[in-house]
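**Student:** Chains as they are written, first to last, in our numbering: chain Y, 1136 to 1333; chain P, 1136 to 1333. All C-beta atoms, glycine included, are put in the ideal place defined by N, C-alpha and C.
There are 2 protein chains.
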Amino acid sequence: MDFTSDVVNIAVEELSKLPGIGKKTAQRLVFFLLKQEGESVKSLAAALVALTERVRYCPVCFNITEQTPCAICEHPKRDRHIICVVEEPNDVLAIERTGEYHGLYHVLGGALSPLEGIGPDNLRIRELIKRLQDDVDELILATNASAEGEATALYISKLTRDLGIKTTRIARGVPVGGDLEYTDEVTLARALSNRTEL
Amino acid sequence: MDFTSDVVNIAVEELSKLPGIGKKTAQRLVFFLLKQEGESVKSLAAALVALTERVRYCPVCFNITEQTPCAICEHPKRDRHIICVVEEPNDVLAIERTGEYHGLYHVLGGALSPLEGIGPDNLRIRELIKRLQDDVDELILATNASAEGEATALYISKLTRDLGIKTTRIARGVPVGGDLEYTDEVTLARALSNRTEL
């Protein structure tokens, strides 16, 4: 016999579909929400609906945006000769937070992964190649440092070599503030081989 | 300059109000939701709104419910002579999951906490005392084993002593499957002093 409310069960079920949220966490969230004012729960719900209704992909760089093209693609002060290639929209956020990059982006929508059946046609690689026909001086490959990210960077660099466009890869090394003792050997080896002169 | 979408920022802000969800997790959730079908995000939002619109507190036991009184209070097979006192609605769920308890509940809505300014009047203790005028044989105090939960149990037991109602407290001891080595000394001391004859 189940004495719990259907509405509660449905909310728990819906919340536990989110990544990193198991049934227990979902239950805790639901009991938290039940203690809140109705209005604050409604504004959360409205924010989620607005996400699906108002956020689109930029037709140029495929970052998420509410306008077409996105604010970065359209901004007059961004350097249109450099394109930074990333896997996902949150990678754009991460790079923007550094405040060090002033070029454009291209969001692939993932990385090559034969195991998951993701090939070049599933990513926005064709769209990237098309953008390279404009006056692009440099392509920065900022895919993740994972096996998939490396494979994707390699794949793209092979395509661009023929086009004669300078293609760079972000540096791998010991994280700033990182302790050598706790750095894995692959990263450390990479940090050694990529050492720079002072 | 902030190039992120307002809608995304609002959703991140709303999600990070939830307990245990920081800004990074909220951002991860938003990017996950952006990859989902619009319909599935809407059904999550609808489930949350339904929570605030349809879930009420049972006027008898103060558990959350969609009907008045709740399904447990109304169920003909529940033993109406035993009331189990808990702090929150999720404690009811936890006890129901054991399948061992067939009496009624009373949800206090928290525990006494002078530090947080929660006194007897902030909990549903008066409502509990009123219920004891019915034919109640036993009151099981199943508040948490925390300092606040213990204080609340003690407070209620003092009130019920005068009413001559058998009042019990759930046992504290080593968790089933628990390892003595990893059990804290207070729990272990309690397990020793509450030892039972075999």
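Suppose you measure from the CA of aspartate 1226 of chain P to the CA of asparagine 1279 of chain P; what does that come to, to the nearest Å?
**Tutor:** Residue mapping note: residue 1226 of chain P aligns to position 91 of the second sequence, counting from 1. Residue mapping note: residue 1279 of chain P aligns to position 144 of the second sequence, counting from 1. Each residue's Cα considered, the two are about 9 Å apart.
**Student:** Would you list the one or two residues that DSSP bridges to leucine 1164 of chain Y?
**Tutor:** Counted from its first residue, the first sequence places residue 1164 of chain Y at position 29. DSSP output for leucine 1164 of chain Y lists no bridge partner at all.
**Student:** Going by DSSP, what residue range makes up the alpha helix (DSSP H) through cysteine 1205 of chain P?
**Tutor:** Residue 1205 of chain P sits at position 70 when you count from the first residue of the second sequence. Per DSSP, cysteine 1205 of chain P belongs to no alpha helix (DSSP H) and is neither H nor E.
**Student:** Run through DSSP, which three-state label would glycine 1284 of chain P get?
**Tutor:** Residue mapping note: residue 1284 of chain P aligns to position 149 of the second sequence, counting from 1. Glycine 1284 of chain P: helix per DSSP, three-state reduction.
**Student:** Anything in the stretch 1152 to 1168 of chain Y with a Cβ closer than 9 Å to a Cβ of chain P? List those residues in chain order, please.
**Tutor:** Residues Lys1152, Leu1153, Pro1154, Gly1155, Ile1156, Thr1160, Gln1162, Arg1163, Leu1164, Val1165, Phe1166, Phe1167, Leu1168.
**Student:** List, in order along the chain, the chain Y residues whose C-beta lies closer than 7 Å to that of leucine 1183 of chain P?
**Tutor:** Along the second sequence, read from residue 1 onward, the residue named residue 1183 of chain P stands at position 48. Per Cβ cutoff of 7 Å: Ala1146, Leu1168, Val1176, Leu1179, Ala1180.
**Student:** So which residues of chain P does leucine 1186 of chain Y contact, with C-beta pairs closer than 8 Å?
**Tutor:** The count along the first sequence starts at 1 and reaches residue 1186 of chain Y at position 51. Ordered by position in chain P, the residues that pass the 8 Å Cβ test against leucine 1186 of chain Y are Val1142, Val1143, Ala1146, Val1165, Leu1168, Leu1169, Val1176.
**Student:** Identify which residue in Y/Arg1213, Y/Glu1235, Y/Thr1287 has its Cα closest to the Cα of phenylalanine 1245 of chain Y.
**Tutor:** Locating residue 1245 of chain Y in the first sequence gives position 110, where the first residue counts as 1. Correcting the residue type first, residue 1245 of chain Y is glycine in the shown sequence and not phenylalanine. Selected option, being the one with the closest Cα: Y/Thr1287.
**Student:** Under a Cβ-count criterion, where at least 16 other Cβ atoms within 10 Å of its own Cβ denotes burial, should tyrosine 1240 of chain Y be classed as buried or exposed?
**Tutor:** For the purposes of this step, residue 1240 of chain Y is identified with residue 105 of the first sequence, where counting begins at 1. Classification for tyrosine 1240 of chain Y: buried.
**Student:** Valine 1195 of chain P and leucine 1263 of chain P: beta carbons closer than 8 Å?
**Tutor:** As a working mapping, residue 1195 of chain P is identified with position 60 in the second sequence. As a working mapping, residue 1263 of chain P is identified with position 128 in the second sequence. Their beta carbons are not under 8 Å apart, which means valine 1195 of chain P does not touch leucine 1263 of chain P by this criterion.
**Student:** Do the CB positions of valine 1190 of chain Y and valine 1147 of chain P come within less than 8 Å of each other?
**Tutor:** The sequence position of residue 1190 of chain Y within the first sequence is 55, counting from 1. The sequence position of residue 1147 of chain P within the second sequence is 12, counting from 1. No; because the gap between Cβ atoms is not below 8 Å, this pair is not in contact.
**Student:** Could you check how far apart the C-beta atoms of leucine 1258 of chain P and leucine 1186 of chain Y are, in whole angstroms? I think they sit under 8 Å.
**Tutor:** Here residue 1258 of chain P refers to the residue found at position 123 when the second sequence is read from its first residue. Here residue 1186 of chain Y refers to the residue found at position 51 when the first sequence is read from its first residue. Incorrect: roughly 38 Å between the Cβ atoms, too far for contact.
**Student:** Would isoleucine 1199 of chain P pass as an interface residue toward chain Y - the criterion being a Cβ-Cβ separation below 8 Å?
**Tutor:** Here residue 1199 of chain P is taken as the residue at index 64 of the second sequence, counted from 1. Yes, because at least one Cβ of chain Y sits closer than 8 Å to the Cβ of isoleucine 1199 of chain P.
**Student:** Using a Cβ-Cβ distance cut-off of 8 Å, determine whether glutamate 1149 of chain Y contacts chain P.
**Tutor:** The sequence position of residue 1149 of chain Y within the first sequence is 14, counting from 1. Output row for glutamate 1149 of chain Y: interface = yes.
**Student:** Comparing the C-beta of valine 1321 of chain Y with each C-beta of chain P, is any distance below 8 Å?
**Tutor:** By 1-based counting over the first sequence, the position of residue 1321 of chain Y is 186. No - not a single Cβ of chain P is within 8 Å of the one on valine 1321 of chain Y.
**Student:** Can you give the Cα-Cα distance for arginine 1213 of chain P and tyrosine 1192 of chain P, rounded to whole angstroms?
**Tutor:** Taking the second sequence and counting its residues from 1, the one referred to as residue 1213 of chain P is at position 78. Taking the second sequence and counting its residues from 1, the one referred to as residue 1192 of chain P is at position 57. Going by the C-alpha atoms only, they are around 19 Å apart.
**Student:** Can you tell me whether tyrosine 1192 of chain P is helix, strand or coil according to DSSP?
**Tutor:** Numbered from its first residue, the second sequence carries residue 1192 of chain P at position 57. Here tyrosine 1192 of chain P sits in strand by DSSP.
**Student:** Can the beta-carbon of leucine 1315 of chain Y be found less than 8 Å from the beta-carbon of leucine 1323 of chain Y?
**Tutor:** Translated into the one-based positions of the first sequence, residue 1315 of chain Y becomes position 180. Translated into the one-based positions of the first sequence, residue 1323 of chain Y becomes position 188. Their beta carbons are under 8 Å apart, which means leucine 1315 of chain Y touches leucine 1323 of chain Y by this criterion.
**Student:** Return the residue from the list P/Ile1260, P/Arg1325, P/Lys1265, P/Gly1238 that minimises the CA-CA distance to glutamate 1273 of chain P.
**Tutor:** Here residue 1273 of chain P refers to the residue found at position 138 when the second sequence is read from its first residue. Taking only the C-alpha atoms, the option nearest glutamate 1273 of chain P is P/Gly1238.
**Student:** To the nearest angstrom, report how far apart valine 1242 of chain Y and phenylalanine 1197 of chain Y are at their CA atoms.
**Tutor:** Residue mapping note: residue 1242 of chain Y aligns to position 107 of the first sequence, counting from 1. Residue mapping note: residue 1197 of chain Y aligns to position 62 of the first sequence, counting from 1. If you take the alpha carbons of valine 1242 of chain Y and phenylalanine 1197 of chain Y, they lie about 5 Å apart.
**Student:** Of all the options P/Leu1183, P/Gly1284, P/Ala1181, which has the alpha carbon lying nearest to the alpha carbon of isoleucine 1305 of chain P?
**Tutor:** Residue mapping note: residue 1305 of chain P aligns to position 170 of the second sequence, counting from 1. Closest by alpha carbon: P/Gly1284.
**Student:** What does DSSP give as the partner residue(s) for isoleucine 1217 of chain Y in the beta ladder?
**Tutor:** By one-based count along the first sequence, residue 1217 of chain Y stands at place 82. In DSSP, isoleucine 1217 of chain Y forms a bridge with Y/Glu1273.
**Student:** At a CB-CB cut-off below 8 Å, which residues of chain Y make contact with asparagine 1225 of chain P?
**Tutor:** Your numbering for residue 1225 of chain P matches position 90 in the second sequence. The contacting residues are Gln1162, Arg1163, Phe1166.
**Student:** At a CB-CB cut-off below 7 Å, which residues of chain Y make contact with valine 1190 of chain P?
**Tutor:** Stepping through the second sequence from its first residue, residue 1190 of chain P is reached at position 55. Per Cβ cutoff of 7 Å: Ser1140, Val1142, Val1143, Leu1169.
**Student:** Does the separation of the CB atoms of alanine 1229 of chain Y and glutamate 1149 of chain P fall below 8 Å?
**Tutor:** In the first sequence, residue 1229 of chain Y corresponds to position 94, counting from 1. In the second sequence, residue 1149 of chain P corresponds to position 14, counting from 1. Not a contact, by the Cβ cut-off of 8 Å.
**Student:** With a cut-off of 8 Å, does the C-beta of glycine 1173 of chain P fall near any C-beta of chain Y?
**Tutor:** Mapped onto the second sequence, residue 1173 of chain P falls at position 38. So, interface residue.
**Student:** Return the chain-ordered list of same chain residues with a C-beta closer than 7 Å to the C-beta of alanine 1161 of chain P, the five sequence neighbours on each side being excluded.
**Tutor:** The count along the second sequence starts at 1 and reaches residue 1161 of chain P at position 26. Val1147, Leu1150, Ser1151.
**Student:** Measure the C-alpha to C-alpha separation of proline 1204 of chain Y and histidine 1210 of chain Y and round it to an integer number of angstroms.
**Tutor:** By one-based count along the first sequence, residue 1204 of chain Y stands at place 69. By one-based count along the first sequence, residue 1210 of chain Y stands at place 75. Going by the C-alpha atoms only, they are around 10 Å apart.
**Student:** For glutamine 1268 of chain Y, which option in Y/Gly1173, Y/Leu1164, Y/Thr1295 has the closest C-alpha, if you only look at C-alpha atoms?
**Tutor:** Numbered from 1 along the first sequence, position 133 holds the residue referred to as residue 1268 of chain Y. Of Y/Gly1173, Y/Leu1164, Y/Thr1295, the residue nearest in Cα terms is Y/Thr1295.
**Student:** What's the C-alpha gap between lysine 1265 of chain P and arginine 1232 of chain Y?
**Tutor:** Locating residue 1265 of chain P in the second sequence gives position 130, where the first residue counts as 1. Locating residue 1232 of chain Y in the first sequence gives position 97, where the first residue counts as 1. Approximately 59 Å, taken between the alpha carbons.
**Student:** Quick check for students: name the residue ranges of the beta strand (DSSP E) that lie wholly in the stretch 1222 to 1248 of chain P, counting only runs of 3 or more.
**Tutor:** Taking only runs of at least 3 residues, the beta strand (DSSP E) segments lying wholly in the stretch 1222 to 1248 of chain P are 1238 to 1242.
**Student:** Taking just the CA atoms, how far does glycine 1234 of chain P sit from methionine 1136 of chain Y?
**Tutor:** Counting from 1 along the first sequence, the entry for residue 1136 of chain Y is found at position 1. Counting from 1 along the second sequence, the entry for residue 1234 of chain P is found at position 99. Note on methionine 1136 of chain Y: pLDDT 47, under 50, position unreliable in the model; the coordinate value appears next. Approximately 9 Å between the Cα atoms of the pair.
**Student:** Got a sec, what are the start and stop residues for the beta strand (DSSP E) lysine 1301 of chain P sits in?
**Tutor:** The sequence position of residue 1301 of chain P within the second sequence is 166, counting from 1. Residues 1301 to 1304.
**Student:** Under the rule that 16 or more other beta-carbon atoms within 10 Å means buried, what is threonine 1331 of chain P, buried or exposed?
**Tutor:** Numbered from 1 along the second sequence, position 196 holds the residue referred to as residue 1331 of chain P. The residue in question, threonine 1331 of chain P, is exposed, as its Cβ has fewer than 16 Cβ neighbours within 10 Å.
**Student:** Thinking just about the alpha-carbon of each residue, which of Y/Thr1303, Y/Val1165, Y/Gln1171 is nearest to the one in leucine 1179 of chain P?
**Tutor:** Your numbering for residue 1179 of chain P matches position 44 in the second sequence. If we check each option's Cα against that of leucine 1179 of chain P, Y/Val1165 comes out closest.
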